[in-house]
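Visitor:
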Amino acid sequence: MRMDHILTERWIAPQSRILDLGCGDGALLAHLQHTLGVTGYGLELDTDKINQGIARGLNIIEQDLNDGLARFADNSFDTVVMARALQAVKSPDTLLLDMLRVGREAVITFPNFAHWQNRIHLGIKGLMPVSEALPYEWYDTPNIHLCTFKDFEKLCEDNHIRILNRFAVSDSAQNYSPLKASLIRRIPNLLADVAIYRVTKAHT
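In case it helps, my numbering puts the sequence shown at residues 423 to 626.
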C-alpha cells in the first residue's frame with residue numbers, strides 16, 4: 423500500500439462509515455473493510471477502476487467529484503477520505519467544505535508542490551517537475567490546483583476548518599532514518615513530498 427494509505431488508516435475508527443472520494447480501484451476502501459470492518463461507498467469516474475472495485479465486493483458509485491456531494495445528506499459518514507485528488511478538482515475549497523458537510527471528519531492527502539526537489543527542478547531546469555508524487559508531464563497532468571502545506575493550512579484557516587492531525591512524508595524515501603523523519607516533520611513544506619491532513623469543522 424501507498425504510504426498515505428497506511429497513515430490514513432490510523433485515523434479511521436473500527437466499524438465507522440466511510441466515503442472514499444476518487445477511490446480508484448478501491449484498494450484503500452477494501453483494506454479498511456478487511457482490517458477495521460468499516461462500511462461505506464467509493465466515488466470514482468474511471469470505468470475500469472470502478473469495475474475493479476466492484477469485483478472486490480465494494481459499493482462504488484460512478485461520479486465526477488466536480489459535481490459535488492449533493493446526493494449525500496449532512497453527517498452521513500464518520501470520515502470522508504480523499505487521497506491525492508484534491509489538486510485535481512476544479513474547486514478544491516468547495517469540495518472540502520462539502521466533505522465536512524457529509525462527514526464529521528475528513529482525511530485529505532496531496533502532493534506538496536513546495537518540496538525541495540520540485541523547487542530545484544523548476545529553478546535550475548526551468549521545467550515543471552516530474553517525480554514519484556507528481557508523475558505527469560505538464561501537458562497531460564490531471565493536477566490543476568497544485569498546492570503546498572502552507573497553502574492548504576491557509577485554506578483551512580480562511581474557511582474555519584480545524585486541523586486535527588498532520589503527517590509529512592516522503593514517497594521517494596519511505597525507509598528513512600529517525601533523524602530524517604524528524605527533519606521532515608519540522609520542515610514539511612520543504613522536505614515532504616506528500617501531505618496528509620485530518621480535519622473537521624471548527625466550532626464558531
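Backbone N, C-alpha and C define an ideal beta-carbon position, used for all residues, glycine too.
In whole angstroms, what is the alpha-carbon distance linking Ala477 and Asp468?
Guide: If you take the alpha carbons of Ala477 and Asp468, they lie about 14 angstroms apart.
Visitor: Identify the continuous alpha helix (DSSP H) that holds Arg649 and give its terminal residues.
Guide: No statement about residue 649 is possible, as the shown extent of the chain runs from 423 to 626 and does not include it.
Visitor: The beta strand (DSSP E) spanning Lys623 covers which residue range?
Guide: It spans Val616 to Lys623 - the beta strand (DSSP E) in which Lys623 sits, taken as one unbroken run.
Visitor: Taking C-beta to C-beta, are Thr516 and Ala617 nearer than 8 angstroms?
Guide: For Thr516 and Ala617, no; Cβs fall outside 8 angstroms.
Visitor: Counting C-beta neighbours from all protein chains within 10 Å, is the total for Asn534 16 or more, i.e. buried, or is it exposed?
Guide: It is buried - the Cβ of Asn534 has at least 16 other Cβ atoms within 10 Å.
Visitor: Compare the beta carbon distance of Val529 and Ser498 with 8 angstroms and say whether it is the shorter of the two.
Guide: For Val529 and Ser498, no; Cβs fall outside 8 angstroms.
Visitor: According to DSSP, is Asn630 part of a helix, a strand, or is it coil?
Guide: Outside the displayed span of the chain (423 to 626) sits residue 630, for which this structure offers no information.
Visitor: What runs of the beta strand (DSSP E), each 3 residues or longer, lie entirely inside the region 470 to 556?
Guide: List check, beta strand (DSSP E) in window: 482 to 484, 499 to 505 and 525 to 533.
Visitor: Do Tyr619 and Ile585 have their C-beta atoms closer together than 8 angstroms?
Guide: In this structure, Ile585 lies closer than 8 angstroms to Tyr619 by Cβ.
Visitor: State the CB to CB distance for the pair Gly464 and Gly448, rounded to an integer number of angstroms; the pair is presumed to be in contact (CB under 8 angstroms).
Guide: Confirmed, Cβ separation roughly 5 angstroms.
Visitor: Would a C-beta distance cut-off of 8 angstroms place Asn473 and Gln509 closer than the cut-off?
Guide: Result no, Cβ atoms of Asn473 and Gln509 do not sit closer than 8 angstroms.
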